[in-house]
Amino acid sequence: MIATALKVEKVAVHFGGLVALSDMNFTVGEGEIVSLIGPNGAGKTTAFNVVTGFLDPTRGAVSYRGTALNGLKPHQIADLGLARTFQRTSVFPNDTVYDNLLVGLHRQGRVSLLAAILGLPRARSSERRLRERASELIEWVGLERRAYDLAGSLSYGEQRLVGVALALAAEPSMLLLDEPVSGMNASETHTFVQLVRNIRDRGVTILLVEHDMPMVMSVSDRIVVLNYGRIIAEGPPDVIRNDPAVIEAYLGQGATRA
Amino acid sequence: MKSGVAILTILAFASVPLWLRDPYLMNALITTGIFIIGAMSLNLLLGFTGQLSLGHIAFFGIGAYVSALTSLGFDVGLPFGFRVVHTPWPPIVGFVLAIVVAGLCGYLVGLLSFRVRGAYFVIVTISFAEVVRLVALNWVELTQGPLALTNIPSITIGLPGLGYLTLRNKLQNYYLVLAVAVVTYVLISRLVHSHFGRAMRGLMENETLAVSVGIDVTKTLTLAAVISAGIAGAAGSLYAHYIRIIDPEVFAFINTVTMVIMVITGGKGSLAGPIVGGMIFGLLPVFLRPIMAPEAQWIAYGGVLIVILFVLPRGIVPSLALRFAKPRSRVETVVAPVAFSERDAKEHA
Chain A
1 MIATALKVEK
11 VAVHFGGLVA
21 LSDMNFTVGE
31 GEIVSLIGPN
41 GAGKTTAFNV
51 VTGFLDPTRG
61 AVSYRGTALN
71 GLKPHQIADL
81 GLARTFQRTS
91 VFPNDTVYDN
101 LLVGLHRQGR
111 VSLLAAILGL
121 PRARSSERRL
131 RERASELIEW
141 VGLERRAYDL
151 AGSLSYGEQR
161 LVGVALALAA
171 EPSMLLLDEP
181 VSGMNASETH
191 TFVQLVRNIR
201 DRGVTILLVE
211 HDMPMVMSVS
221 DRIVVLNYGR
231 IIAEGPPDVI
241 RNDPAVIEAY
251 LGQGATRA
Chain B
1001 MKSGVAILTI
1011 LAFASVPLWL
1021 RDPYLMNALI
1031 TTGIFIIGAM
1041 SLNLLLGFTG
1051 QLSLGHIAFF
1061 GIGAYVSALT
1071 SLGFDVGLPF
1081 GFRVVHTPWP
1091 PIVGFVLAIV
1101 VAGLCGYLVG
1111 LLSFRVRGAY
1121 FVIVTISFAE
1131 VVRLVALNWV
1141 ELTQGPLALT
1151 NIPSITIGLP
1161 GLGYLTLRNK
1171 LQNYYLVLAV
1181 AVVTYVLISR
1191 LVHSHFGRAM
1201 RGLMENETLA
1211 VSVGIDVTKT
1221 LTLAAVISAG
1231 IAGAAGSLYA
1241 HYIRIIDPEV
1251 FAFINTVTMV
1261 IMVITGGKGS
1271 LAGPIVGGMI
1281 FGLLPVFLRP
1291 IMAPEAQWIA
1301 YGGVLIVILF
1311 VLPRGIVPSL
1321 ALRFAKPRSR
1331 VETVVAPVAF
1341 SERDAKEHA
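Protein chains in written order, with the working numbering: chain A, 1 to 258; chain B, 1001 to 1349.
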C-alpha cells in the first residue's frame, strides 16, 4: 500500500447556481501518476484550481500529506511542495527562458533584501547557485538552444516545457500538469511523456489533466474520469478503456452497443 | 561597457558647475535633479511592478514637511489638552526621518490598496495625496497652512576630520543632489537585479504564474511601495532644505503628473529612463520661458510629450536601446511581443 499524498474529500464547487463539481472524492498516492480526464466542461480545471488553492471549494476538504489546504494562499500551498503548470499562460513572455527560470527559483533564493542590495558574499553565492540551477533545469527539459530567447517567442510546445521547468524550479514533491500536451505534435508529445516519466522517477508525484487519450493511457498509473462535476469511473488505464460509463460520456449513448 | 557609460555620465554631471556659471540654470538643474530622484522612485513602482501611483507627490511632500518640521521644531496642541513640543533637530536627522515616515506611509497605502490593486491603487494614491494636501492646508498650527513653512535651515553635513559644512550655496546643493541621485540609482539598480526585482517583474508579466512559483504578491508589492515612498521622501527633504520654504501647493496633482511624464517619456522599466525624461521635462520650462507665456508653455509641454511618444512609443531609452541593439536580438525582441499579443487577443476573443 502506497502512502497517500493528495486526498480530495467530498469537494463541491458552485458558481452561483452552476454546480461545477459535486461531491468529488479521490486520492493520489506518493510517486503515482494519476490522470484526471473528462469531456469539456466536466470540471477538470475547476478540480485542479481547488487543489492548487486558486479556488476555495464550496464544501469539502483537500489535504496534502495530512495538511489541510483549505484557506491557504497559492504561495503557501507552493511552500508545501505542490507545484502546477497552466493551460494557457505558462511563461513570463518578455523575459528570456533563462530569466524565467530565475524568477521560478524565487523560493530557493531567499537572501535578505539588504544582503542583496549591498552585494554581500552570501547574496552572491546564492545568486551563483540559482544560475547553476536554472541552467540545469533548462537542460533537463531540453531547451538549451533557446535559453537566451524571449519566452514569448517560443513555440507553444516549447512554452509548455518552460512551464514545466518553472514548476520544477520550486523543487516540488508533487506536480500538477494542466493539459500539458494540448497544441503539441505527436513527436513533441512523445518526448513529453518521457519527461513526465523522468520526473516521476525522481520521486515526484504527478496529477495530470489532459484531453489527449493516447497520451493519458500510456503515461498514467491510474485514471479518474469526471463528467458533469461527478466522478463516473476510476481505475488503471485498461479498466477505464473498457468502462461503459466512460465510453458513453465520450461517445454518447448507443456507442456501447455498437 | 555599461558601467563605463554610467561613470562617464556621472563625470559629465559632476563637471557641470565647472563651466556653467548661470545661477538660474544651476537652480533649474538642482530642482530638476530633485524631481528626477522622485521620478526614479515612481519608476520603481510603475516600471517594475506595473502599479501606477497617481499620488506619488504625497510621499515627496510628506518627506518635505517631516524634514522641515524636524529641523524647525513645532508646538502643537492635541485633543484632551495634550501638547507636543519639539525643539529643532539638525536637518540631517530630518532627512532620515523624512525617509522613514514617507516609507511608513507607503506601507499603509500599499497595505490598503494592494489587496485589490490596478485601478484601486491609482484611486487610493490620488485620494491619499489629496487628503494629505488638505491636512497640510488646514492644520495651521503645525504647518502654517497656506502661509507656508519658512526659514527652513540648509542641510549640514559632518565631514570626518574637517568639521561641519552647511550647504548654503547652489554649488554645494548641486553636488548633494547629484550624490543622492547616484545612490538612488545604484540602490534601485541593485534592487531590480536581485531576486526581489525578479519577483516584481514576474508579477507584472504574469501574476498567476508568479503566484504559483511561490511569490507573495502583497508582500512584494508593499515592499516596493515602501522603498519607492522612502526615496520620494528623501527627494522631498532635499527639496525643503534647498528651496527653504514649502507650502501645501507642493502636493499639487500637477507635480505627480510631471513625474509620471518624466518616467513615461524616458521609458518606464528602464533604469536610465527617468533621468533622460527628467532632464527633458525639467529643463524645458527654462528654454520655453523667454519665448512663451506660462499657459502656452503647458501646451508646448503636451506637444513635446505627444511627439516623443509618437516617435518612440516605448519611451526614449528603451526605443533607442532597441534601435542600436544587435540586428539578431532586434528582430526577436520586436517580433516576440507582437506575436504574443496576437495570441492573447485570440484567447480573449
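Each residue gets a CB set at the ideal place from its N, CA and C atoms; glycine is no exception.
The segment 1044-1077 of chain B: which residues have C-beta closer than 9 Å to a C-beta of chain A, in chain order? none
So, does the segment 1270-1282 of chain B touch the segment 1053-1064 of chain B, judging by three or more C-beta pairs under 8 Å? no
Only counting runs of 4 or more residues, tell me where the alpha helix (DSSP H) segments fall wholly within the segment 9-61 of chain A, in order along the chain. 44-51
With 16 other CB atoms within 10 Å as the buried threshold, where does residue 159 (chain A) fall? For the purposes of this step, residue 159 (chain A) is taken as the residue at position 159 of the first sequence. So residue 159 (chain A) counts as buried.
With DSSP run on the structure shown, which of helix, strand or coil describes residue 1338 (chain B)? One-based indexing of the second sequence puts residue 1338 (chain B) at position 338. Note that residue 1338 (chain B) scores 38 on pLDDT, short of 50, meaning its location in the model is unreliable; the coordinates nonetheless yield the value given after this. Correct three-state label for residue 1338 (chain B): helix.
Can you tell which of A:149, A:213, A:66, A:143 has the C-alpha that lies nearest to the C-alpha of residue 30 (chain A)? Start at 1 with the first residue of the first sequence, and residue 30 (chain A) comes out as number 30. Measuring from the Cα of residue 30 (chain A), the nearest candidate turns out to be A:66.
By how many angstroms is the C-alpha of residue 145 (chain A) removed from the C-alpha of residue 168 (chain A)? Within the first sequence, numbered from 1, the residue matching residue 168 (chain A) stands at position 168. Within the first sequence, numbered from 1, the residue matching residue 145 (chain A) stands at position 145. Rounded to the nearest angstrom, the two C-alpha atoms are 19 Å apart.
Exposure of residue 178 (chain A), with buried meaning 16 or more beta-carbon neighbours within 10 Å: Locating residue 178 (chain A) in the first sequence gives position 178, counting from the first residue. Buried is the call here.
Going by the beta-carbon positions, is the gap between residue 1092 (chain B) and residue 1036 (chain B) smaller than 8 Å? Position 92 of the second sequence, counting from 1, holds the residue named residue 1092 (chain B). Position 36 of the second sequence, counting from 1, holds the residue named residue 1036 (chain B). Cβ distance not < 8 Å, so residue 1092 (chain B) and residue 1036 (chain B) don't count as in contact.
Can you find the residues in the same chain that come closer than 7 Å, C-beta to C-beta, to residue 1222 (chain B), ignoring five residues on each side of it along the sequence? In the second sequence, counting from the first residue as 1, residue 1222 (chain B) sits at position 222. Closer than 7 Å at the Cβ level, and outside the excluded window around residue 1222 (chain B), lie 1107, 1110, 1111, 1114.
Would you mind reading off the limits of the beta strand (DSSP E) that contains residue 83 (chain A)? On the first sequence, residue 83 (chain A) is found 83 positions in, with the first residue counted as 1. From DSSP, the beta strand (DSSP E) with residue 83 (chain A) extends over 82-84.
Starting from residue 1086 (chain B) and walking both ways along the alpha helix (DSSP H), at which residues does that stretch end? As a position in the second sequence, residue 1086 (chain B) is number 86, starting the count at 1. It is not in any alpha helix (DSSP H) - residue 1086 (chain B) instead sits in the beta strand (DSSP E) that spans 1083-1086.
Any beta carbon from chain A within less than 8 Å of residue 1006 (chain B)'s own beta carbon? As a working mapping, residue 1006 (chain B) is identified with position 6 in the second sequence. By this cut-off, residue 1006 (chain B) is not an interface position.
Between residue 1022 (chain B) and chain A, is the shortest Cβ-Cβ distance under 8 Å, so that the two count as touching? Stepping through the second sequence from its first residue, residue 1022 (chain B) is reached at position 22. No, no contact with chain A.
Host beta strand (DSSP E) of residue 230 (chain A) (start-end): Your numbering for residue 230 (chain A) matches position 230 in the first sequence. Residues 230-235.
Considering Cα atoms alone, identify which of A:170, A:250, A:240, A:221 is closest to residue 85 (chain A). Taking the first residue of the first sequence as position 1, residue 85 (chain A) is located at position 85. The residue with the shortest Cα to Cα distance from residue 85 (chain A) is A:170.
Minimum Cβ-Cβ distance from residue 1211 (chain B) to chain E less than 8 Å: Although the question refers to chain E, the structure presented lacks it and instead comprises the protein chains A and B.
When B:1245, B:1294, B:1273, B:1289 are compared against residue 1313 (chain B), the one with the closest alpha-carbon: Position 313 of the second sequence, counting from 1, holds the residue named residue 1313 (chain B). Selected option, being the one with the closest Cα: B:1273.
How should residue 49 (chain A) be labelled, buried or exposed, when 16 other C-beta atoms within 10 angstroms of its C-beta is the threshold for buried? Within the first sequence, residue 49 (chain A) is the residue found at index 49, counting from 1. By the neighbour-count rule (16 or more Cβ atoms within 10 Å), residue 49 (chain A) is buried.
Using a cut-off of 8 Å between C-beta atoms, extract the partners of residue 1187 (chain B) located in chain A. If you number the second sequence from 1, residue 1187 (chain B) lands on position 187. Those are 117, listed as they occur along chain A.
Would you say residue 201 (chain A) reaches chain B, if we count a Cβ-Cβ gap shorter than 8 Å as a contact? Stepping through the first sequence from its first residue, residue 201 (chain A) is reached at position 201. Not an interface residue.
Given a threshold of 16 other Cβ atoms within 10 Å of its Cβ, counted over all protein chains shown, does residue 1164 (chain B) qualify as buried or as exposed? By one-based count along the second sequence, residue 1164 (chain B) stands at place 164. Exposed, since its Cβ has fewer than 16 Cβ neighbours within 10 Å.
For a quick check, are the C-beta atoms of residue 1027 (chain B) and residue 1268 (chain B) less than 8 Å apart? Here residue 1027 (chain B) refers to the residue found at position 27 when the second sequence is read from its first residue. Here residue 1268 (chain B) refers to the residue found at position 268 when the second sequence is read from its first residue. Against a cut-off of 8 Å, the Cβ pair of residue 1268 (chain B) and residue 1027 (chain B) comes out as no contact.
Residue 38 (chain A) and residue 227 (chain A) look like a contact to me (Cβ under 8 Å); what is the Cβ gap, rounded to whole Å? On the first sequence, position 38 is the one that residue 38 (chain A) refers to. On the first sequence, position 227 is the one that residue 227 (chain A) refers to. Going by Cβ atoms, the distance from residue 38 (chain A) to residue 227 (chain A) rounds to 5 Å, so yes, they are a contact pair.
Could you check whether the Cβ of residue 74 (chain A) sits closer than 8 Å to any Cβ belonging to chain B? By one-based count along the first sequence, residue 74 (chain A) stands at place 74. Yes, residue 74 (chain A) lies at the interface with chain B (some Cβ there is under 8 Å from its Cβ).
For residue 1262 (chain B), three-class secondary structure by DSSP: Mapped onto the second sequence, residue 1262 (chain B) falls at position 262. Three-state DSSP puts residue 1262 (chain B) in a helix.
Cutting at 7 Å between CB atoms, please list the residues of its own chain near residue 1305 (chain B), excluding the five before and the five after it. Start at 1 with the first residue of the second sequence, and residue 1305 (chain B) comes out as number 305. 1261, 1265.
For residue 222 (chain A), does the three-state DSSP call read helix, strand or coil? Within the first sequence, the letter at position 222 stands for residue 222 (chain A). Residue 222 (chain A) falls in the strand class under three-state DSSP.
Reference residue 1094 (chain B); option with closest CA among B:1070, B:1085, B:1316: Numbered from its first residue, the second sequence carries residue 1094 (chain B) at position 94. Per the Cα distances, B:1070.
Residue 1033 (chain B) versus B:1303, B:1050, B:1143, B:1175, residue with shortest Cα-Cα distance: On the second sequence, residue 1033 (chain B) is found 33 positions in, with the first residue counted as 1. When each option's Cα is compared against that of residue 1033 (chain B), the closest is B:1175.
Cβ of residue 1215 (chain B) less than 8 Å from any chain A Cβ? As a position in the second sequence, residue 1215 (chain B) is number 215, starting the count at 1. Judged by the 8 Å Cβ criterion, residue 1215 (chain B) is in contact with chain A.
Does at least one heavy atom of the ligand SAH sit under 7 Å from the Cβ of residue 218 (chain A)? Ligands displayed in this structure: none; no statement on the ligand SAH is therefore possible.
Under the rule that 16 or more other beta-carbon atoms within 10 Å means buried, what is residue 33 (chain A), buried or exposed? The count along the first sequence starts at 1 and reaches residue 33 (chain A) at position 33. Buried is the call here.
List, in order along the chain, the chain A residues whose C-beta lies closer than 9 Å to that of residue 1199 (chain B)? In the second sequence, the residue the question calls residue 1199 (chain B) occupies position 199. Under the 9 Å cutoff, chain A gives 103, 106.
Below 6 Å CB to CB, which residues in the same chain sit around residue 27 (chain A) once its five sequence neighbours on both sides are set aside? Locating residue 27 (chain A) in the first sequence gives position 27, where the first residue counts as 1. These residues qualify, in order along the chain: 4, 7.
Check for me: the beta strand (DSSP E) holding residue 1292 (chain B) runs from which residue to which? Numbered from 1 along the second sequence, position 292 holds the residue referred to as residue 1292 (chain B). Run containing residue 1292 (chain B): none; DSSP gives neither H nor E here.
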